[in-house]
Amino acid sequence: MKPFRLSRRAVLRGLGGAALALPFLEAMGCSKRLAPASEQAGRAAFGLEFPKRFIVLYTPNGTVPPDFWPSSSTFRDGEELSPILAPLKDHNRDLLVLGNVSALSALTGPGDAHQKGTGQCLTARAMQEGDFPGDAGLSCGWADGISLDQEIANHIGTKTRFLSLELGVLVYGATVGARLAYRGPAQPLPPENSPYAAFDRLFSDLSVAPADATRKTEQRRAVLGKVASDYDRLRKRLGAADRLKLDGHLASVEDIASRLDRGSAPASPACAAPALTPDLDVDKVASMPELCRLQLDLIAMSLACDLTRVASLHFTNSATTKVLSFLGPDITEGHHPMAHNGYADQVNRERLTRISRFYAEQLAYLIARLKSMPEGDGTVFDNTVIFWTNEHADGNHLRKNIPYVLAGSAGGHFKTGRYVVQQKEVAHNDLLLSLLHAMGIEADTFGDPDFCTGPLVGV
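In the working numbering, the protein residues as written are 24 to 482.
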């Protein structure tokens with residue numbers, strides 16, 4: 024008898040944009056763990072693998088290099104890699120710390136150091152000429168190219184409700200230092216500072232008028248009934264192993280049905296609208312710890328619900344003067360002027376390290392959230408890569424040896440748990456190109472081709 028195979032259409036069956044696709048069955052050719060790499064690549068081309076996701080976390084004003092860089096080249100979970108990376112110790116094997124990668128494209132063109140550092144962070148191109156005022160009488164316009172996240176979104180984000188998600192924490196003003204993502208030259212995308220507004224946008228279908236809610240429920244229940252009927256017919260054509268998988272998946276569908284009746288529409292057991300802290304002032308520095316967690320929760324849930332596969336979180340403006348006093352009463356001046364004071368003074372060094380450590384804590388929180396979300400035999404994190412980036416290496420505008428960190432292997436593309444130093448200095452264009460390749464996007468260069476030599480070696 025000819026082996027039974029499921030069609031692409033069956034795999035893609037969904038419910039109102041919230042994918043209720045079949046689990047990965049042997050009938051689809053999806054024995055993922057045992058398949059050779061060439062076969063897995065072929066399946067990915069037909070959408071039979073779990074989707075890859077890409078997240079950017081941007082933090083400003085550099086770091087404290089001697090307190091950032093790891094002391095070893097291979098990582099073990101539980102060891103403190105450095106004072107700044109210590110909060111990530113439970114995830115060490117998921118990290119790839121990259122050395123000798125510099126923002127060379129940010130050393131040329133219009134603008135001051137912060138403008139160039141932020142504007143080229145994901146575009147890797149010189150800024151346009153313009154009237155945004157900078158330090159020392161310098162000025163510039165917007166960035167002159169598409170940002171990496173948007174390039175990736177154009178390839179992997181077209182089947183989700185949102186092409187990408189741009190969030191911020193205490194980002195203010197329509198200036199170069201307040202923009203990270205660009206749809207194209209001089210096309211900046213503003214980040215959403217308010218988790219309340221982001222929640223409404225992401226989960227708007229959960230907050231509808233009673234009559235509309237009833238109509239939506241009836242429509243969804245009818246589709247769910249059709250899905251269950253289709254599954255029952257399909258079950259009779261499957262082998263024993265696939266029947267067990269399908270039975271478990273149908274149980275999840277029935278659970279989704281009951282949740283829909285209560286007004287939520289998850290795409291998987293991990294998909295549920297997160298709770299929001301009421302009456303949080305999104306413009307107050309004191310709210311920053313809670314704002315960070317809320318925005319990270321929204322990113323995590325938007326991935327679990329497959330609302331988007333590309334997201335970014337912009338932590339404050341570059342050159343921000345916000346005083347992060349919630350980290351201690353001894354922090355009484357803005358992060359930017361503190362960073363300019365450098366780390367030769369031990370007291371200032373400890374304060375700056377505390378700030379960078381806080382940002383590492385946010386990355387650790389996001390990793391843990393994604394790891395808590397089941398997907399097949401693994402978790403959402405398994406097919407995700409998080410790019411932690413900065414516009415400088417330290418507070419005095421050093422743009423060489425930027426503290427770049429990747430978290431997650433992007434489905435096994437990156438070999439994590441290591442500190443990899445390039446043998447010779449390379450432009451971060453090559454790092455961005457490597458991230459494109461990790462997402463399955465073929466390209467020879469990214470950003471200004473004059474700075475590209477190819478993907479990073481040894482990652």
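Glycine included, every Cβ here is placed at the ideal spot set by N, Cα and C. Quantities reported herein were computed from a predicted structural model and do not represent experimental measurements.
If we call anything under 7 Å between Cβ atoms a contact, is Thr198 one with Ser170?
-> As a first step, residue 198 is located in the sequence shown; it is residue number 175 there, counting from the start. As a first step, residue 170 is located in the sequence shown; it is residue number 147 there, counting from the start. It is not a contact, given that the beta carbons lie outside the stated cut-off.
Please list the segments of the alpha helix (DSSP H) lying wholly inside the stretch 119 to 163, counting only runs of 4 or more residues, in order along the chain.
-> 136 to 142
Figure out for me which residue from Ile322, Cys328, Thr344, Ala209 has the closest Cα to the Cα of Ala334.
-> For the purposes of this step, residue 334 is taken as the residue at position 311 of the sequence shown. Per the Cα distances, Ile322.
Does the Cβ of Ser325 have 16 or more other Cβ atoms within 10 Å, making it buried, or fewer, making it exposed?
-> Locating residue 325 in the sequence shown gives position 302, where the first residue counts as 1. Answer is buried; the Cβ neighbour count reaches 16.
Starting from His337, follow its DSSP beta bridges and name the residues at the other end.
-> Taking the sequence shown and counting its residues from 1, one reaches residue 337 at position 314. Tyr81, Gly191.
Can Thr439 and Leu121 be called in contact, C-beta distance under 7 Å?
-> Locating residue 439 in the sequence shown gives position 416, where the first residue counts as 1. Locating residue 121 in the sequence shown gives position 98, where the first residue counts as 1. Taking 7 Å as the Cβ cut-off, Thr439 and Leu121 do not qualify as a contacting pair.
Contact under 7 Å by Cβ, Phe469 with Leu330 | For this step, residue 469 is matched to residue 446 along the sequence shown. For this step, residue 330 is matched to residue 307 along the sequence shown. No; because the gap between Cβ atoms is not below 7 Å, this pair is not in contact.
Using three-state DSSP, classify Gly401 as helix, strand or coil.
-> The residue you call residue 401 lines up with position 378 of the sequence shown. Here Gly401 sits in strand by DSSP.
What's the gap between the Cα of Glu414 and the Cα of Glu152?
-> Taking the sequence shown and counting its residues from 1, one reaches residue 414 at position 391. Taking the sequence shown and counting its residues from 1, one reaches residue 152 at position 129. Approximately 19 Å between the Cα atoms of the pair.
Should Gln173 go down as buried or exposed, given a rule of 16 or more other Cβ atoms within 10 Å for buried?
-> Taking the sequence shown and counting its residues from 1, the one referred to as residue 173 is at position 150. Counting Cβ neighbours within 10 Å, Gln173 comes out buried, since at least 16 surround it.
CA nearest to the CA of Tyr442, picked from Phe73, Ser310, Thr97 = For the purposes of this step, residue 442 is taken as the residue at position 419 of the sequence shown. The option with the nearest alpha carbon to Tyr442 is Thr97.
Among Ala136, Ser187, Gly207, which has the Cα closest to the Cα of Gly200?
-> Reading the sequence shown from its first residue, position 177 is the one you call residue 200. Considering only Ala136, Ser187, Gly207, the residue with the shortest C-alpha distance to Gly200 is Ala136.
Where does Asp473 fall in DSSP's three states?
-> As a first step, residue 473 is located in the sequence shown; it is residue number 450 there, counting from the start. DSSP places Asp473 within a helical segment (H, G or I) once states are collapsed to three.
Name the DSSP beta bridge partners of Phe410, please?
-> Walking along the sequence shown from the start, residue 410 turns up at place 387. Beta-bridge pairing links Phe410 to Val79, Leu429.
How about Arg256 and Arg266: do their beta carbons lie closer than 7 Å?
-> For the purposes of this step, residue 256 is identified with residue 233 of the sequence shown, where counting begins at 1. For the purposes of this step, residue 266 is identified with residue 243 of the sequence shown, where counting begins at 1. Contact flag unset, no.
In chain order, what residues of the same chain lie with their CB nearer than 6 Å to the CB of Gly463, ignoring the 5 residues before and after it?
-> Here residue 463 corresponds to residue number 440 of the sequence shown, with the count starting at 1. Excluding positions up to five away in sequence, the list is empty.
Inter-stretch contact (C-beta, 8 Å, three-pair minimum) for the stretch 376 to 385 and the stretch 397 to 408 | no
Span of the alpha helix (DSSP H) around Ala466 = Taking the first residue of the sequence shown as position 1, residue 466 is located at position 443. Counting along the chain, Ala466 falls outside any alpha helix (DSSP H), and DSSP gives it neither H nor E.
Tell me whether Leu443 sits in a helix, a strand or coil according to DSSP, three-state version.
-> Working through the sequence shown from its first residue, we reach residue 443 at position 420. Leu is not the amino acid found at residue 443; the sequence shown has Val there. Strand, per DSSP.
Pull up the distance between the alpha-carbon of Leu71 and that of Lys345, whole angstroms please.
-> Counting from one through the sequence shown, the residue named residue 71 turns up at place 48. Counting from one through the sequence shown, the residue named residue 345 turns up at place 322. Bear in mind that a pLDDT of 46 at Leu71, under 50, signals an unreliable position, so the model cannot answer this.
Classify Arg76 as buried or exposed, calling it buried when 16 or more other Cβ atoms lie within 10 Å of its own Cβ.
-> Within the sequence shown, the letter at position 53 stands for residue 76. By the neighbour-count rule (16 or more Cβ atoms within 10 Å), Arg76 is buried.
Over what stretch of residues does the alpha helix (DSSP H) that includes Thr355 continue unbroken?
-> Here residue 355 corresponds to residue number 332 of the sequence shown, with the count starting at 1. It is not in any alpha helix (DSSP H) - Thr355 carries neither H nor E in the DSSP assignment.
Rounded straight-line distance, which links the Cα of Ala416 to that of Ala387 = Within the sequence shown, residue 387 is the residue found at index 364, counting from 1. Within the sequence shown, residue 416 is the residue found at index 393, counting from 1. Rounded to the nearest angstrom, the two C-alpha atoms are 21 Å apart.
Tell me which same chain residues have a C-beta within less than 8 Å of the C-beta of Glu384, skipping the five on either side of it?
-> Position 361 of the sequence shown, counting from 1, holds the residue named residue 384. Once the five neighbours on either side are set aside, the close Cβ partners of Glu384 are Pro110.
Boundaries (first-last residue) of the alpha helix (DSSP H) holding His178 | Looking up residue 178 in the sequence shown gives position 155. 171 to 179 is the span of the alpha helix (DSSP H), which, as asked, contains His178.
Reduced DSSP category for Pro211 - H, G, I as helix; E, B as strand; rest coil | Working through the sequence shown from its first residue, we reach residue 211 at position 188. Pro211 falls in the strand class under three-state DSSP.
Any idea if Ser128 is buried or exposed, counting beta-carbon neighbours within 10 angstroms, 16 or more meaning buried?
-> On the sequence shown, position 105 is the one that residue 128 refers to. By the 10 Å Cβ count, Ser128 comes out buried.
In angstroms with no decimal places, state the Cα-to-Cα distance between Phe404 and Thr181.
-> Within the sequence shown, the letter at position 381 stands for residue 404. Within the sequence shown, the letter at position 158 stands for residue 181. About 21 Å.
Residue from Tyr195, Pro208, Asn123 with nearest C-alpha to Trp165 | Residue 165 sits at position 142 when you count from the first residue of the sequence shown. The shortest Cα separation from Trp165 among Tyr195, Pro208, Asn123 belongs to Pro208.
To the nearest whole angstrom, what separates the beta carbons of Val408 and Leu458, a pair I think is in contact under 8 Å?
-> In the sequence shown, residue 408 corresponds to position 385, counting from 1. In the sequence shown, residue 458 corresponds to position 435, counting from 1. So it is a contact: roughly 7 Å between Cβ atoms.
Does the beta-carbon distance from Arg374 to Tyr366 come in below 7 Å?
-> Stepping through the sequence shown from its first residue, residue 374 is reached at position 351. Stepping through the sequence shown from its first residue, residue 366 is reached at position 343. Not a contact, by the Cβ cut-off of 7 Å.
Sequence-distant residues of its chain with Cβ nearer than 8 Å to Asp154 (five each side left out) = Residue mapping note: residue 154 aligns to position 131 of the sequence shown, counting from 1. Answer for Asp154: Ser162, Gly164, listed in chain order.
Reference Phe410, options Ser395, Gly418, Pro426, Ala263, closest by Cα = The residue given as residue 410 occupies position 387 in the sequence shown. Selected option, being the one with the closest Cα: Pro426.
Would you mind reading off the limits of the alpha helix (DSSP H) that contains Ile107?
-> In the sequence shown, counting from the first residue as 1, residue 107 sits at position 84. It is not in any alpha helix (DSSP H) - Ile107 carries neither H nor E in the DSSP assignment.
What does a CB cutoff of less than 6 Å around Ala176 pick up in its chain, not counting 5 residues either side in sequence?
-> As a position in the sequence shown, residue 176 is number 153, starting the count at 1. Excluding residues within five positions, the ones whose Cβ falls inside 6 Å are Leu186, Ser187, Val333.
Kindly give me the distance between the Cβ atoms of Leu317 and Leu299, rounded to whole angstroms, as I take these residues to be in contact under 8 Å.
-> Here residue 317 refers to the residue found at position 294 of the sequence shown. Here residue 299 refers to the residue found at position 276 of the sequence shown. The pair is a contact, with the Cβ atoms about 6 Å apart (cut-off 8 Å).
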